Every structure is written in C-alpha cells, then in structure tokens.
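Asker: Quick note, the sequence shown lines up with residues 274 to 447 if you use our numbering. Even glycine gets a Cβ: it sits at the ideal position worked out from N, Cα and C. As the structure is a computational prediction, the values presented were derived from the model and not from experiment.
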Amino acid sequence: VTGLYFVLPHRWRWLLLLVASCWFYMAFVPVYILILGFTIAVDYFAGLWIERSEGRKRKLLLTASIVANVGVLAFFKYFNFLNESIAGVVRGLGFHYGVPDLGIILPIGLSFHTFQSLSYTIEVYRRHQKAEHRFGIFALYVMFYPQLVAGPIERPGNLLNQINSTVPGTGMLS
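1. Quick one: using the 10 Å Cβ neighbour count with 16 as the cut-off for buried, is L309 buried or exposed?
2. Assign H406 to buried or exposed, taking buried as 16 or more other Cβ atoms, counted over all protein chains shown, within 10 Å of its Cβ.
3. Cβ atoms of F297 and Y414: under 8 Å apart, would you say?
4. In the DSSP assignment, find the unbroken alpha helix (DSSP H) run with K330 in it and report its ends.
5. Taking only three categories from DSSP, how would you classify F301?
6. When DSSP labels each residue in this structure, what does P425 get in the three-state scheme?
7. So, at 7 Å on beta carbons, what are the nonlocal neighbours of L277 in its own chain, with the 5 sequence-adjacent residues on each side left out?
8. Taking only beta-carbon atoms, is L383 less than 8 Å away from chain B?
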C-alpha cells in the first residue's frame, strides 16, 4: 500500500487508503463491513444535519447518533455475556430458556471506530469541526486501518486535515 500510495496521483491516494482499509476490515469477517458502513452513514448524515440545525434538533440528532453507535457496540460486546448469564440463572431455576446462543464475534476495532466516529459527531455538535461533505473522506477518517487496531482515537480536525491534504484543492500537497 505504501509504495502504491506514493506512485499514485494525489487525487487518488485517499481512495487507495479507503480500499485498503475496507480490505483490512473485511479480511476477518467480511459481513461486518456492513456494521461499519451503518455507523459511518449514521454519523456522516448526523454531522451534516447537525451542522445545518439549531437548538433542540441538534441535540436530538446528537442523541440519535450516540444511541445508534453505543447500541451497536453494546450489542456486539455484551449480548453473548448477558445471554449466557440469563440462561444460566433461568435454567438454574428449572425453567426452559429459548434464546439461542448466536455465537457473536466482536468485530475488529469496533470500540475504536465507534469512538472515532462519535468524536467527529460531538465535535460538529460543539461547532469545533465543520461537517465533512464527502462521504468517502469521512469513511476513511473513521476506518483508517493503521489506526483501527492501535489507535489513538484522533480528533477529527487532525486526521481529516491530513486526509484532505491528499485531495486536490483541499490541502497543502495539492
């Protein structure tokens, strides 16, 4: 990826990084890219709508983003544990427990990309960050694969500025 990055024209570098990030994420459980896509879409549109909104509507949009993101994270992190715990108690009391073990595997980097994405939405809500209007650039910000497993969670202004510097007309490298 690194070699190809420096060979490509500047306008295509972000796309290479996005494709590499998708490839990396899909290498484990490919269908989990849909979860990532869902949370990216939620926060992309939340950011755009929050930026254009005022008052109570802004707070409602932020709350919806937080609920969606934390809901996905909580489901994948805690469903198996809660299901097994409840099953143990119910069966211990002599009752039948009909909820099957779904064998849910925690998607790689789920906590990271959840908080990375939420940091963006919160910064837009606080008016510390302008909403990113290009879906692909925002998706790369959330799922940039070198950060996905090692971090750190980055304020959107730092990483988005670096990503935008590879897009013609938006940064210092163009």
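Answerer: Put simply:
1. Burial check for L309: the Cβ neighbour count within 10 Å reaches 16 or more, so the residue is buried.
2. The residue in question, H406, is exposed, as its Cβ has fewer than 16 Cβ neighbours within 10 Å.
3. With contacts defined by Cβ atoms closer than 8 Å, Y414 and F297 do not form a contacting pair.
4. Per DSSP, K330 belongs to the alpha helix (DSSP H) from R329 to G365.
5. Here DSSP, grouped into helix, strand and coil, assigns F301 to coil.
6. In the three-state DSSP reduction, P425 falls in the coil class, being neither helix nor strand.
7. For L277, where only same-chain residues beyond five positions count, the Cβ hits under 7 Å are L289.
8. Of the chains in the structure shown, none is chain B; there is only one protein chain.
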